[in-house]
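Read top to bottom, the protein sequences are chains V and B. Every position in the first sequence, counted from 1, becomes a number in our numbering once 22 is added. Every position in the second sequence, counted from 1, becomes a number in our numbering once 1 is added. Note that CB positions come from ideal geometry on N, CA and C, so glycine has one too. This one's a predicted model, so the numbers in the text were calculated from it and none came from an experiment. Written below as structure tokens is the structure these notes are about.
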Amino acid sequence: MNIPAAALDVDPDLEPDPLFVASLREARWILLMWLSCFVWALTVCLNFGYPDTVDPLNFPTVFGIPAWVAWGIAFPWLIANVVTIWFCLFVMEDADLGETPDELAAANSVTEAAEGGSRV
Amino acid sequence: MFDSSLPQLPTMFAAAGSSALITFCVYTLAVFGLAALSSRLLKSRDFLNEYFLGSRSLGVWALALTFAATSASGGSFTGFPSKIYSHGWVLALWIGSYMIFPICTMGLLGKRINQVSRKTGAITVPDIFRDRFQSPSFSVLATSLIVFFTCVNLVGQFKAGSMILQTLLGENDVYISARSIVGSFLQASWLQSTVDPGYLLCLVTFGVAVIIYTTWGGFHAVVWTDVMQGVVMVFGVIIMLPLAISQVGGMQNATEEMASMVAPHSAKIEIEVESAEVKVPLGTWLRTDDVPARVFRLAAAGQPGTTVVDAIEIVDAGDLQRIQSGKVKVEFAQDVAIHAIMESKSAAFPSNDRPGGYVTAPGPHAELENGFLPMSLAFSMFFYWAISGTGQPSSMVRLMAFHSTRTLRISIATVAVYFSCIYFPLVIIFCCARLLLPGMEVESDRIMPQMAVTLTENIGAGWLAGLLVAAPFAAVMSTVDSFLLMISSSVVRDLYQRNINPSASRKTLERMSYICTIVVGSGVVFAALNPPKYLQDLIVYVGSGLAACFLAPMSLGLYWKRMTTAGAISSMLVGFLCHLSLYIAGEGFDKPWRPFALDPVVIGIGSSFVAAFVISFLTPPPPKELVEKYFYTKRKKTSAPSA
């Protein structure tokens, strides 16, 4: 997704926006976290949560919760929370978000561009 | 009209009626107070930026709770509990991807969407599309889709709001008098045969309250009430959890009982009402004269005289024992006789009354032989919540409103903890509900308020029910107000100001915003007079449809330099049409066509991304200035190292 500046013939005085670069890197980590949860939860639940028959008298539980739910959902949920908090507090970078332009000027900007103005 | 001798719905709230009404009044007054405060802020700031985006000033708690409260809609507190009750523990897997929901929905796009919206002064999602892709027509397309999907969702939310209010007010004297007056009015109108007077009264009350405070206070009113509602919601769940577990004799006992539980039968019975002028309400309990008696609950209202009605038959030995021993309060109708049992068939899954369905996947289902959540659908649902949640315009608007990246980081962590305190406990609470409230399949969307009433009455604290029922009410309100504002912002900002009258005065914009919020709100109240049956299915349809339309164009627009205007527009259209056609090819909201056993959301989002890539590569690259503006910044001058 990251096309080098030269390929798009970008002004050499410019560099990739640091917030864009950091956000893209973080987005990749977040998708990896989602994939890990996806694989864990579905592997456990599909293997142990879909039995052919159930013996009501010997149904496995953990703290009263069906065992497949405890290991397939509750446990990874706990881990996901810990990882999310760690990621937010120690991995995500702070950055300047910029200023907001005047309301009316913003409303008119694209109209002007559409009418032949050079402003983008 | 209903005869007072029959057990009526909304039910059993006599003792707690007054305190519930007081709770509701205090809650409503607080909401209006926040709207008044917010309206004062409006006078001193840019109208549109403040009214629709709160001047991008949200702090940690405001962002976290408004995000959480808007995401946790009426579906979370009415439709979701209804599904847990009907299908059991498998709902933990169904909702499982909420473990990763906050970091996905807020972290994937959060910083970039906020930065880009500041760069252009965008205050709505179509605003961003218009600026990023330099296309007013794309903005109009996005606005139209937002209005369409959001209005459909609002119909379901208004239904939920009305139902919860009905249960909250129950048998309160003031409410009963008002309901009679509305009933007399309805008798003289064309609505007589289709609308329940209690439902209409609560629908209008709920609608008027939400429309007024949203119109009056704008975004800040919505956010502040969201914060209050978010707190109410989590406290409601935290109070209900220990009450539910203790009243079923502990979690271990509840799961053991559920492991041997058998799903009720779908039945058709012929009944006769003694009085020829009386309708038998939905939810009426009946039993045969046999020994042991067979127990039924009506799934539809019965007409006066002799009639055949749909019902469910309670066949689980544990349920029957709890009913007969009086552990569960059930009031059988005395003046309705069962003439014949035409049909009584077991659930399609598990077939032949096999036990265990409520504690294992795929969960019981009355009609589907593969059960509620077959393996293929489990894949889709894990994808659905976390990934499609990222593509919701209502979430994107909130991500445009925080004031610093630090706020975003801490809010994500807060929402992660918040959702953990809501969703998994809800699964536990409403699994316990199976033991406390048998036969609720006939009106399962009402299980949440009914459970609140039952849990509190069982400990002799009926007054607490008002507080607990405020939780789902808050969830519905917080979603409705956000959606109302999103529609009016789309229409006023994207259609009117940016296409018709760019130099509109502040006064004109104010008037347009107020009128738009009122007109949309009133229209939805009217549409909700005859709402669809299953709230959660409607919410899933809207959520997946919005994701199919908005996720690809927004995420690629923010992260992919080569994305072109044609690619973005075709991505939105292909996502919309694919998703819609799968619902049209299926059998309605609850049974869309699932090719290769994949849910429409997966196919809709997938085809939307494919269209974006293919069309973008087939069309010329975007203008250099545009790429520079959104993806580059001026190189910082490095000073020469000193000798």
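Would you grab the beta carbon distance between residue i and residue j for me? Rounded to a whole angstrom, and I think it's under 8 Å.
| i | j | result |
| --- | --- | --- |
| Val113 of chain V | Met55 of chain V | With a Cβ gap of about 11 Å, Val113 of chain V and Met55 of chain V do not count as contacting. |
| Asn459 of chain B | Gln248 of chain B | 6 Å |
| Gly522 of chain B | Ile212 of chain B | 4 Å |
| Val477 of chain B | Ile165 of chain B | 7 Å |
| Cys110 of chain V | Ala414 of chain B | 4 Å |
| Ala63 of chain B | Val224 of chain B | 5 Å |
Cβ-heavy atom distance between residue i and the ligand ZN below 7 Å?
| i | result |
| --- | --- |
| Tyr72 of chain V | Absent from the structure shown: the ligand ZN. Ligands present: none. |
Return the CA-CA distance between residue i and residue j, expressed in angstroms with no decimal places.
| i | j | result |
| --- | --- | --- |
| Asn500 of chain B | Pro137 of chain B | 7 Å |
| Ile488 of chain B | Ala69 of chain B | 20 Å |
| Thr1 of chain B | Leu110 of chain B | With chain B covering only 2 through 644, there is no way to say anything about residue 1 of chain B. |
| Leu36 of chain V | Tyr560 of chain B | 17 Å |
| Gln230 of chain B | Ile270 of chain B | 43 Å |
| Pro503 of chain B | Tyr497 of chain B | 8 Å |
| Thr67 of chain B | Gly327 of chain B | 43 Å |
| Val84 of chain V | Thr65 of chain V | 18 Å |
| Phe130 of chain B | Lys120 of chain B | 13 Å |
| Ile540 of chain B | Phe150 of chain B | 10 Å |
| Val141 of chain B | Phe383 of chain B | 32 Å |
| Arg323 of chain B | Phe577 of chain B | 49 Å |
| Leu57 of chain V | Ala96 of chain V | 17 Å |
| Asp336 of chain B | Pro265 of chain B | 24 Å |
| Cys432 of chain B | Pro98 of chain V | 21 Å |
| Ile388 of chain B | Lys280 of chain B | 47 Å |
| Pro439 of chain B | Cys203 of chain B | 26 Å |
| Ser83 of chain B | Leu468 of chain B | 20 Å |
| Lys635 of chain B | Val32 of chain V | 11 Å |
What would DSSP say about residue i, mapped onto helix, strand or coil?
| i | result |
| --- | --- |
| Tyr359 of chain B | coil |
| Met564 of chain B | coil |
| Asp495 of chain B | helix |
| Ser572 of chain B | helix |
| Ile239 of chain B | helix |
| Ala89 of chain V | helix |
| Lys84 of chain B | helix |
| Ser523 of chain B | helix |
| Lys630 of chain B | helix |
| Lys635 of chain B | strand |
| Leu36 of chain V | strand |
| Leu578 of chain B | helix |
| Lys280 of chain B | strand |
| Met401 of chain B | coil |
| Leu660 of chain B | Nothing in the structure corresponds to residue 660 of chain B, since chain B is present only between 2 and 644. |
| Phe590 of chain B | coil |
| Val329 of chain B | coil |
| Ala334 of chain B | coil |
| Leu59 of chain B | strand |
| Glu458 of chain B | helix |
| Ser445 of chain B | helix |
| Met114 of chain V | coil |
| Glu271 of chain B | strand |
For residue i, count neighbouring Cβ atoms within 10 angstroms of its own Cβ and tell me buried if that reaches 16, exposed if not.
| i | result |
| --- | --- |
| Cys59 of chain V | buried |
| Trp108 of chain V | exposed |
| Glu332 of chain B | exposed |
| Gln158 of chain B | buried |
| Asn103 of chain V | buried |
| Met513 of chain B | buried |
| Gly76 of chain B | buried |
| Met343 of chain B | exposed |
| Glu444 of chain B | buried |
| Phe618 of chain B | exposed |
| Cys26 of chain B | exposed |
| Ala604 of chain B | For clarity, residue 604 of chain B is Ile in the given sequence; the question names Ala instead. Classification for Ile604 of chain B: buried. |
| Cys517 of chain B | buried |
| Gly306 of chain B | exposed |
| Gly218 of chain B | buried |
| Ser45 of chain V | buried |
| Ser39 of chain B | buried |
Could you give the uninterrupted runs of the alpha helix (DSSP H) lying entirely in the segment 108–142 of chain B, keeping only those of 4 residues or more?
111–121, 126–133
If you scan the segment 283–327 of chain B from start to end, which runs of the alpha helix (DSSP H) of 4 or more residues do you find wholly inside it?
318–325
Quick one: which unbroken alpha helix (DSSP H) runs of 4-plus residues sit fully inside the segment 168–206 of chain B? Chain order, please.
174–188
Within the segment 38–111 of chain V, ranges of the alpha helix (DSSP H) (whole runs, at least 4 residues)
40–70, 97–108
In chain order, what are the residue ranges of uninterrupted alpha helix (DSSP H) at least 4 long that sit wholly in the segment 372–424 of chain B?
376–384, 394–400
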